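The opening position of the sequence shown corresponds to residue 0 in numbering that gives the first Met the number 0, with each subsequent residue numbered one higher. Just so it is clear, CB atoms sit at the ideal spot from N, CA and C, and this is done for glycine as well. Remember, it's a predicted structure, so these values are computed and weren't measured experimentally.
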Amino acid sequence: MFAGVARHGGLQDAQAAVDDEVWTAAASIWNDPADTFSEDEEFDPEAPWWTWEHFSVVTIRYYSSSLISMVNEVYQFTGGAHGMTLHTSMNLTVGKNGAIAFTIDEMFKKGTGWEKAISDYVIRDLKARGADWVVSGEVREVPSERMNRFTVSPAGIDLIFGPYEMGSYAQGTWMVLVPWSACSGLVDPAGPVAVIAEAASGR
């Protein structure tokens with residue numbers, strides 16, 4: 000996915016992260032045990048008549064010499080009513096000597112209440128757009144542990160919520176863009192996204 004990895008330790012690590020993410024997602028289906036409760040006594044994932052689908056597409060959402068943000072979209076179908084679309088994200092600070100993954104909490108200053116600020120923004124956005132579980136009141140907040148699928152760009156933070164998380168399967172995946180303007184005063188000036196956030200706010 001990345002050219003010139005042999006000459007750049009950071010890109011080597013980024014490529015390794017992509018490879019690991021893609022093959023881990025695929026292995027999750029290979030390692031599924033046989034369905035012992037199936038009415039078909041000959042149930043066998045290795046049988047020629049038994050089919051499954053797995054697609055994995057990694058997209059670079061932001062790339063610079065110091066930061067790479069990517070999302071892996073996975074579609075799996077192993078039988079049943081429908082397949083399932085899943086997402087994982089990879090966010091890395093990059094240098095010639097290597098790359099380091101960072102989480103959403105590392106982007107913000109501790110004790111600023113960023114969790115509530117982001118949660119409130121997401122709920123307002125999804126309610127306005129008609130996400131079933133938010134409109135019904137079943138989902139009233141977004142815990143920080145459910146903010147672990149995200150990408151960053153000059154536009155802001157894209158949070159990704161899969162089918163059934165914020166609404167019915169028919170509504171699919173929800174993505175919420177939280178602009179940097181909504182994160183004013185919350186971003187850690189020494190954190191991994193400070194340069195992007197400051198540039199977006201004109202600083």
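Whole angstroms are fine: how far does the CA of residue 21 sit from the CA of residue 154?
Residue 154 and residue 21 have their C-alpha atoms roughly 26 Å apart.
Quick one: Cα of residue 115 to Cα of residue 107, how far?
For residue 115 and residue 107, the distance between alpha carbons rounds to 12 Å.
I'd like the ranges of any beta strand (DSSP E) spanning at least 3 consecutive residues and lying wholly in the stretch 38 to 112.
Listed in chain order, they are 52 to 62, 66 to 76, 83 to 94, 97 to 100.
Compare the Cα-Cα distances from residue 82 to each of 89, 88, 73 and report the closest residue.
73 is the residue among 89, 88, 73 whose C-alpha sits nearest the C-alpha of residue 82.
Are the CB atoms of residue 55 and residue 69 within a distance shorter than 8 Å?
Not in contact: residue 69 and residue 55 (Cβ atoms no closer than 8 Å).
Of the residues 151, 199, 76, which one's Cα is nearest the Cα of residue 52?
Put simply, of 151, 199, 76 the residue whose alpha carbon is nearest the alpha carbon of residue 52 is 76.
Taking the beta strand (DSSP E) that residue 152 belongs to, which residues open and close that run?
Under the DSSP assignment, residue 152 falls in the beta strand (DSSP E) whose first and last residues are 149 to 152.
Does residue 190 come out as helix, strand or coil in the three-state DSSP assignment?
Residue 190 carries a coil assignment under DSSP once its states are collapsed to helix, strand and coil.
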